[in-house]
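In the order they appear, the protein sequences are chains A and S. For reference, each letter of the first sequence is one residue, going 1 to 410 in the working numbering. For reference, each letter of the second sequence is one residue, going 1001 to 1176 in the working numbering. Heads up, the thing below is written out as structure tokens.
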Amino acid sequence: MAAYLWGTNRLASNVYEAACDRVAKCYEKYDHVAVSFSGGKDSTATLNVTLDVAEKLGKLPVRTIFWDEEAIPFETEHYVRRVAEDPRVEMEWLCLPVKHRNACSNREPWWYTWAPEAEDKWVRPLPPEAITHVDGFPTDPAKRYSIPEMSGLMFDPKIHGTSAILLGIRGQESLTRMRAVRRKATENYIVHYGPDSPTYRGNLWKVYPVFDWTTEDVWTAPKLFGWDYNTSYDNMEMAGIKAHAQRCAPPYGEEPMGGLWMFSQCFPDIWDRMSERVAGAATAARYARTELYSYRSRPEKPDGIKWRDFLKYFLRKHDPAEAAEVAKRVGMFIDRHYAKTSDPILPTATHPNTGISWDFLLMLAVRGDFKHRKNPMFADSDEDRVKGWARYNAERRELIDSGRIHEVMP
Amino acid sequence: MNEKTAAMPLSSLRWIDPTELRANDYNPNHVAPAEMRLLKLSIMEDGWTQPIVARSNGEIVDGFHRWTLGSSDRDVMALTDGLVPVVAVSDEKSEAQQRMSTIRHNRARGSHAVVKMADIVVELIDAGMSPDEVQRRLGMEYEEVDRLHDRGAMPKRAAAEAFGQAWEPTVKGEEE
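Encoded structure:
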């Protein structure tokens, strides 16, 4: 994470005060402010900070968009319902056939929450508050949007004007998110909603008011202020899952899949249906943290086979269309590497200038990485770069000496 | 017993010398030391409640760890003068079928729901059992008893005394 931590300016305020300032700034800058809510702990912080600020500024109620992801614990549903009953909150409870990643299966890499065609498999009954239609959401199943893709639909320039959607994204969560909260717009925590989105209309900004909160801060707030919270975290705590690893979102995507097993213990009332909701769920619950899903250890390449052929074998396990997409991404990294250098890509040592190794590419090929979250790792310091070259050169030498250098060639 | 129940493997229950049995070479089930200790405690406290399942040639289909205790642990052996309970499964099964039978025995078990486990732990401790004793008799670590007894209570467990200091990046990342 160090590469993204260059230069942090400690502020005089604590994280709660700073978050309030950021939200107040949104009310100043934009015609309309809404909170994107998942029922999770980070969006609990975001919503409550916004409620506090809106109350002071006389801006209540706060428009709160809840993306109901279907395969979520009843504890979350009950918490969201309590939030919706708060008169300061104007809740929109969305149950749409939104596109989600299913990393549990190579054959069915996507699943669609609340899809009408899968009604017999829904994990929970449709909540009475559900909004199941939003103008502009594609009716053709093949064209359905993901949550980020459809966000623009919720903010009509004619009705809402310039808008801010407040998201509970924190830099501490991952390298990818740390990078997201450092992007430059007018402030590091405000990002223009991208023109690459199919619902882009130019009037929307994504705002991360709690980007600098730690997991501790997220729990300090309900303790100090007596905020209500989602009790599914209590279940996860009891099951021995550490605070920073607790997630209550549907666990079928690449990152959360490793925690799929815990749903059987923490949320047995939804697990029965959850385990049969998407292809591969029961398998992933058992094996997600093993080499079957390329978790940490990767499948071992047999001697004598070229690395590119070994990767092709795994690419072919995806659906043809998906395989093409993954192959394109892997190919892009290879092309980028050879545009920078004529040095070969090595099995485990990353090339210090390109950050690429066959191991990294193999992980992409096996797991798919449809959200493009995996990126090459670069050295943080000159010292690391020197060590990186030493590792690279030693491995290259070893391959030449053992006559296996041809295996790494393109 | 009627005709149907008489045909069930359980009706063939016998107490035999454990040396008549032997391990199979394919069992994928792994039992960690803590679970092995709990298995012993279970047999010592409740007695033998489940037989070992074996073919007539003595190869174990299910119950390898019970057999291990019954043939090597003095305390367990003393319970039954060194005999272990065994039922026979059909020998007509092919080797492949026998392997599948082992896997089914191992896998067709559920998992414990954490909230109900917590209910039980809270009940035991409220009834006066010490956390140490709960640990020992249920084969749990301190960590597990503590979490279950505390029922999560996340704001209490994961919070700090006060909020941390806010920050902003001095060099902002490139917009992508």
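Glycine included, each C-beta is placed from N, C-alpha and C at the ideal position.
Taking only beta-carbon atoms, is residue i less than 9 angstroms away from chain A?
i	result
S/D1126	no
S/Q1165	yes
S/K1156	yes
S/L1148	yes
S/A1007	no
S/V1089	no
S/H1259	As shown, chain S starts at 1001 and ends at 1176. That puts residue 1259 of chain S outside it, with no answer to give.
S/V961	Nothing can be reported for residue 961 of chain S, as the shown portion of chain S is limited to 1001 through 1176.
S/G1152	yes
S/G1110	yes
S/M1117	yes
S/V1114	yes
S/P1051	no
Out of the options, point me to the one whose CA is closest to residue i's CA.
i	options	result
A/Y30	A/L311, A/Y145, A/I165, A/T64	A/I165
A/M91	A/I72, A/T113, A/E28, A/D68	A/D68
A/Y189	A/K306, A/C266, A/L167	A/L167
A/P251	A/G136, A/K56, A/V278, A/D196	A/V278
A/V366	A/N9, A/V15, A/R107	A/R107
S/L1021	S/R1055, S/L1148, S/S1012	S/R1055
S/L1148	S/R1104, S/A1118, S/V1076, S/K1004	S/A1118
S/A1096	S/V1115, S/G1128, S/N1027	S/N1027
S/K1040	S/M1008, S/V1121, S/D1017, S/W1067	S/W1067
S/E1059	S/S1090, S/G1152, S/H1030	S/S1090
A/P61	A/Y27, A/A130, A/P87, A/G403	A/P87
A/G355	A/G368, A/D384, A/T199	A/D384
A/K99	A/M236, A/K25, A/T139, A/P157	A/T139
For residue i, does the count of other Cβ atoms within 10 angstroms reach 16, so buried, or fall short, so exposed?
i	result
A/K206	buried
A/Y313	exposed
A/P430	Since the displayed chain A opens at 1 and closes at 410, residue 430 of chain A lies outside it and no answer follows.
A/H351	buried
A/L94	buried
A/P141	exposed
A/I159	exposed
A/N9	exposed
A/G171	buried
S/Y1142	exposed
A/R144	buried
A/F370	buried
A/S302	Correcting the residue type first, residue 302 of chain A is Pro in the shown sequence and not Ser. Exposed, since its Cβ has fewer than 16 Cβ neighbours within 10 Å.
So what's residue i in DSSP terms, helix, strand or just coil?
i	result
A/N48	helix
S/P1085	strand
S/P1131	helix
A/E216	helix
A/F211	coil
A/I67	First, the residue type needs correcting, since residue 67 of chain A is Trp and not Ile in the sequence shown. Note: A/W67 maps to strand in three-state DSSP.
A/H337	helix
A/I241	coil
A/A185	With a pLDDT of 48 at A/A185, under the threshold of 50, the predicted position of this residue should be treated as unreliable, though the coordinate-derived value follows. Correct three-state label for A/A185: coil.
A/Q265	helix
S/K1126	Correcting the residue type first, residue 1126 of chain S is Asp in the shown sequence and not Lys. Three-state DSSP puts S/D1126 in a helix.
A/F74	helix
S/F1163	coil
A/I345	coil
S/W1048	coil
S/L1148	helix
A/F37	strand
A/A288	coil
A/L260	helix
S/D1062	strand
Would you say residue i faces chain S, with C-beta separation under 9 angstroms as the test?
i	result
A/C266	yes
A/S43	no
A/W6	In this prediction, A/W6 has a pLDDT of 41, which is less than 50 and means its spatial position is unreliable; nothing more can be read from the coordinates.
A/G240	yes
A/E149	no
A/A365	no
A/T215	yes
A/W219	yes
A/Y15	Checking the displayed sequence, the identity of residue 15 of chain A turns out to be Val instead of Tyr. Closer than 9 angstroms: yes.
A/T64	no
A/N203	no
A/R336	no
A/E129	no
- What residue ranges within the region 79–126 of chain A form continuous beta strand (DSSP E) runs of no fewer than 3 residues, ordered along the chain? 89–94, 99–101, 110–112
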